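Worksheet: the structure to be examined is printed underneath.
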Amino acid sequence: MQIEINAKRLLAELETLATISEAEPPAVTRVVYSDADRRARAWFTSLCEQAELSVRTDAIGNIFVRWTGSQPELPAIGTGSHIDAIPFAGSYDGTVGVLGGLEAIRSLKESGFRPQRSIELLLFTAEEPTRFGIGCFGSRLLSGALGSSADEDLRAGDGSTLAELRAGAGYTGPIAGVLLPQNYYAGFVELHIEQGPLLERERVPIGIVTNIAAPAGLRIAVEGEGGHAGAVLMPDRKDAFCAAAEIVLAVERSARGTGAIDTCGTVGTCQIHPGAVNSIPSLVQLQVDIRDTDEQRRDRVLREVKEACDEVAARRCVSVRVELVNADAPAESSPQLIDAIERSADELGLRSKKMVSRAYHDSLFMARIAPMAMIFIPCRGGVSHRLDEYASPDDIATGTRVLAHTLARLASE
Ligand code: HGY
Ligand code: MN
Ligand code: MN
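Residue numbers for the sequence shown follow this note's numbering, beginning at 94 and rising by one.
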């Protein structure tokens with residue numbers, strides 16, 4: 094059975110979704126619980142209702158779109174991804190997995206295929222860390238990696254809690270109800286752009302993810318003494334930004350220093366107070382992203398960064414507070430699901446490549462409650478989290494076809 098997907102419909106929907114944003118096109122900004130996020134969710138839900146699929150939303154906004162199978166009592170086959178986007182991002186990160194998943198289900202339905210196991214598409218409420226400084230809070234709560242205390246513990250930059258922000262977006266149910274039972278899914282497969290250069294470079298249309306790297310996040314606050322840029326002489330200064338600059342370089346040095354190409358260290362945000370050109374920075378807040386396929390190596394970098402903070406604090410007579418936001422284990426894909434994806438690619442005559450995902454995804458947490466695997470498609474130059482992120486119509490259609498075949502295979506077992 095060869096499933097044809099309606100590529101024209103899918104690509105038009107990806108283009109429409111890209112316009113629901115708080116940034117000037119071609120950039121996309123769509124932060125969880127923002128107006129753009131809420132408009133995008135409403136639009137997506139209407140698409141699913143038009144496809145006569147049953148839609149439910151949980152207490153934090155995860156959206157479940159179910160195609161009930163002939164044996165609805167069996168654990169379902171899940172697929173899905175996210176539509177939230179970091180500021181000034183591109184149009185394909187996450188959205189290919191959500192709209193591609195919807196297209197795979199519609200195409201299977203339209204082909205006359207009938208699943209035994211229900212097939213369920215999940216729109217995770219937020220994969221990006223933008224709002225609360227931690228990624229994947231939707232799938233963390235679904236999988237139990239975060240508990241109900243997140244309602245008060247997770248705070249946005251303005252101090253708002255998850256409870257306040259989700260209620261403001263209309264999600265008021267008990268957060269405890271978000272946790273999914275074990276065996277809710279018999280398997281979970283996510284379609285996503287590679288966010289790296291390998292598939293394009295090797296001209297392979299399908300990547301099969303074998304494991305997802307282990308992410309960690311730090312918040313570092315450096316507090317010195319401010320003062321007048323002209324009146325406080327250099328020997329008398331406790332400049333928080335100069336101290337922070339040394340810490341930023343320590344992150345880079347430590348990540349490079351493991352000697353492994355899989356270790357990455359990034360300081361992605363830096364807030365300076367008071368932020369006036371003629372005032373010595375008194376407080377600097379950094380957010381640090383450290384990840385590696387090897388959890389021990391990643392933890393070594395975390396330790397080295399902490400040691401560097403302590404050394405800089407002592408030498409520069411500033412205070413440095415280091416808060417561990419998250420330090421997650423890596424995830425292994427299910428060999429059975431890897432095989433199912435590989436067989437789907439083979440039957441479509443497509444070359445595929447097994448590979449690591451250095452980006453994290455909601456699948457990192459879904460792996461805690463179900464067998465998991467991911468399908469990657471190439472993205473131009475490996476670029477992502479930039480407005481020039483791009484995946485070709487052919488690659489998007491190919492990935493969606495492989496997903497449709499894989500879902501059909503898994504839902505018939
Ligand atoms: O940062 C990541 O790996 C993901 O794209 N949010
Ligand atoms: Mn992303
Ligand atoms: Mn993503």
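Even for Gly, the Cβ is constructed at its ideal location relative to N, Cα and C. Note that this is a predicted model, so its numbers are computed, not measured.
What ranges does the alpha helix (DSSP H) occupy inside the region 424 to 504, keeping only unbroken runs of at least 4 residues that lie completely in it? 428 to 440, 456 to 459 and 486 to 504
* To do: Figure out for me which residue from VAL121, ILE198 and GLY358 has the closest Cα to the Cα of ALA452.
  => Looking up residue 452 in the sequence shown gives position 359. Ranking VAL121, ILE198 and GLY358 by Cα distance to ALA452 puts GLY358 first.
Specify, as a first and last residue, the run of the beta strand (DSSP E) that VAL189 falls within.
Sequence index remark: in the sequence shown, residue 189 carries index 96 (1-based). Run containing VAL189: none in the beta strand (DSSP E); it sits in the alpha helix (DSSP H), 188 to 204.
* GLY231 lies in the beta strand (DSSP E); which residues open and close that run? -> By 1-based counting over the sequence shown, the position of residue 231 is 138. Looking at the DSSP string, GLY231 is not in any beta strand (DSSP E); the run it does join, the alpha helix (DSSP H), is 230 to 236.
Quick check: is any heavy atom of ligand 3 less than 6 Å from the C-beta of GLY194? For the purposes of this step, residue 194 is identified with residue 101 of the sequence shown, where counting begins at 1. False, no ligand heavy atom lies under 6 Å from that Cβ.
| Once you ignore the five residues that flank ILE286 on each side, which residues in its own chain have a CB closer than 8 Å to its CB? | Counting from one through the sequence shown, the residue named residue 286 turns up at place 193. The answer, listed in chain order, is TYR185, ASP186, VAL189, PHE469, ILE470, PRO471, CYS472, SER477, GLU482 and ALA484.
Please report how far the alpha carbon of ARG102 lies from the alpha carbon of LEU235, in whole angstroms.
Working through the sequence shown from its first residue, we reach residue 102 at position 9. Working through the sequence shown from its first residue, we reach residue 235 at position 142. Going by the C-alpha atoms only, they are around 30 Å apart.
message: Check whether the region 345 to 354 and the region 320 to 327 are in contact - that is, three or more C-beta pairs closer than 8 Å.
response: no
| request: Check the DSSP bridge columns for GLN380 and list the partner residues they point to. | output: Mapped onto the sequence shown, residue 380 falls at position 287. Looking at the DSSP assignment, GLN380 forms a beta bridge with ARG312 and THR362.
Q.
Give me the DSSP bridge partner(s) of ARG123.
A. Here the question's residue 123 lines up with position 30 in the sequence shown. DSSP lists ALA178 as partners of ARG123.
Can you check the region 128 to 185 for any alpha helix (DSSP H) of at least 4 residues that lies completely inside it and give the ranges in chain order?
128 to 143
Closest Cα partner of THR491 within the set SER437, ARG461 and HIS454:
As a first step, residue 491 is located in the sequence shown; it is residue number 398 there, counting from the start. When each option's Cα is compared against that of THR491, the closest is SER437.
Residues near ligand 3, CB to any non-hydrogen atom under 5 Å, in chain order?
-> ASP186 and GLY187
Taking its Cβ as the centre, do 16 or more other Cβ atoms sit within 10 Å of THR356, making it buried, or is it exposed?
The residue you call residue 356 lines up with position 263 of the sequence shown. Result: buried.
- Task: Quick one: give me the first and last residue of the beta strand (DSSP E) that PHE217 is part of.
- Result: For the purposes of this step, residue 217 is identified with residue 124 of the sequence shown, where counting begins at 1. 212 to 217 is the extent of the beta strand (DSSP E) around PHE217.
### Task
Please confirm if the region 381 to 398 is in contact with the region 273 to 287, defined as three or more CB-CB distances below 8 Å between the two stretches.
no
Just curious, the beta strand (DSSP E) that VAL413 is in, first and last residue? Numbered from 1 along the sequence shown, position 320 holds the residue referred to as residue 413. Unbroken beta strand (DSSP E) run through VAL413: 412 to 420.
Notebook entry, point to check: Ends of the alpha helix (DSSP H) at ILE340?
Noted result: For the purposes of this step, residue 340 is taken as the residue at position 247 of the sequence shown. 333 to 350 is the span of the alpha helix (DSSP H), which, as asked, contains ILE340.
Between the C-alpha atoms of GLN364 and CYS410, what's the straight-line distance to the nearest angstrom? The residue given as residue 364 occupies position 271 in the sequence shown. The residue given as residue 410 occupies position 317 in the sequence shown. Between GLN364 and CYS410, the C-alpha separation is close to 20 Å.
What residues match up with VAL302 in a beta bridge as DSSP calls it? Locating residue 302 in the sequence shown gives position 209, where the first residue counts as 1. Answer is MET448 and MET467.
What number of angstroms, rounded off, separates the C-alpha of ILE198 from the C-alpha of LYS331? For the purposes of this step, residue 198 is taken as residue 105 along the sequence shown, with counting starting at 1. For the purposes of this step, residue 331 is taken as residue 238 along the sequence shown, with counting starting at 1. In a straight line, the C-alpha of ILE198 is about 60 Å away from that of LYS331.
Exercise. Sorted by chain position, which residues of the same chain lie with C-beta nearer than 7 Å to PHE433's C-beta, five sequence neighbours on each side aside?
Worked result: By one-based count along the sequence shown, residue 433 stands at place 340. According to the sequence shown, residue 433 is Ala rather than Phe. Around ALA433: THR499, ARG502 and LEU503.
Check your understanding: Does the Cβ of ARG294 have 16 or more other Cβ atoms within 10 Å, making it buried, or fewer, making it exposed?
Key -> Here residue 294 refers to the residue found at position 201 when the sequence shown is read from its first residue. Exposed is the call here.
**Item:** Same chain, Cβ closer than 7 Å to ALA269, five either side skipped, listed in chain order
**Value:** By 1-based counting over the sequence shown, the position of residue 269 is 176. Contacts found: SER241.
Confirm the yes/no value for this check: CB of GLY228, any heavy atom of ligand 1, distance under 6 Å.
-> To locate residue 228, count along the sequence shown from 1; it is residue 135. GLY228: yes, Cβ under 6 Å from ligand 1.
Same chain only: Cβ atoms within 7 Å of PHE181, ignoring 5 sequence neighbours per side: The residue given as residue 181 occupies position 88 in the sequence shown. Counting only Cβ-Cβ distances below 7 Å, and skipping sequence neighbours, we find ALA116, ALA120, THR122 and LEU480.
Can you tell me whether GLU293 is helix, strand or coil according to DSSP?
Along the sequence shown, one-based indexing puts residue 293 at 200. GLU293 falls in the helix class under three-state DSSP.
Closer than 8 Å is the cut-off here; do at least three beta carbon pairs connect the region 442 to 449 with the region 154 to 164?
no
Fill in: Sequence-distant residues of its chain with Cβ nearer than 6 Å to ALA219 (five each side left out)
The residue you call residue 219 lines up with position 126 of the sequence shown. The residues are VAL125, ASP177, PHE230 and GLY231.
(request) Tell me whether SER147 is buried or exposed, calling it buried when 16 or more other Cβ atoms sit within 10 Å of its Cβ. (result) Locating residue 147 in the sequence shown gives position 54, counting from the first residue. Result: exposed.
Looking only at its own chain, which residues have a Cβ that is under 7 Å from the Cβ of PHE334, when we skip the five neighbours before and after it? In the sequence shown, the residue the question calls residue 334 occupies position 241. These residues qualify, in order along the chain: ILE365, PRO374 and VAL377.
Quick test of your reading: ALA466 and VAL191, contact by CB under 8 Å. State the CB separation rounded to the nearest angstrom.
Here residue 466 refers to the residue found at position 373 of the sequence shown. Here residue 191 refers to the residue found at position 98 of the sequence shown. So it is not a contact: roughly 17 Å between Cβ atoms.
- Which of helix, strand or coil does DSSP assign to ILE286? Here residue 286 refers to the residue found at position 193 when the sequence shown is read from its first residue. Strand, per DSSP.
### Task
Give the straight-line distance between the Cα atoms of ALA309 and ALA238, rounded to the nearest whole angstrom.
In the sequence shown, counting from the first residue as 1, residue 309 sits at position 216. In the sequence shown, counting from the first residue as 1, residue 238 sits at position 145. Approximately 14 Å, taken between the alpha carbons.
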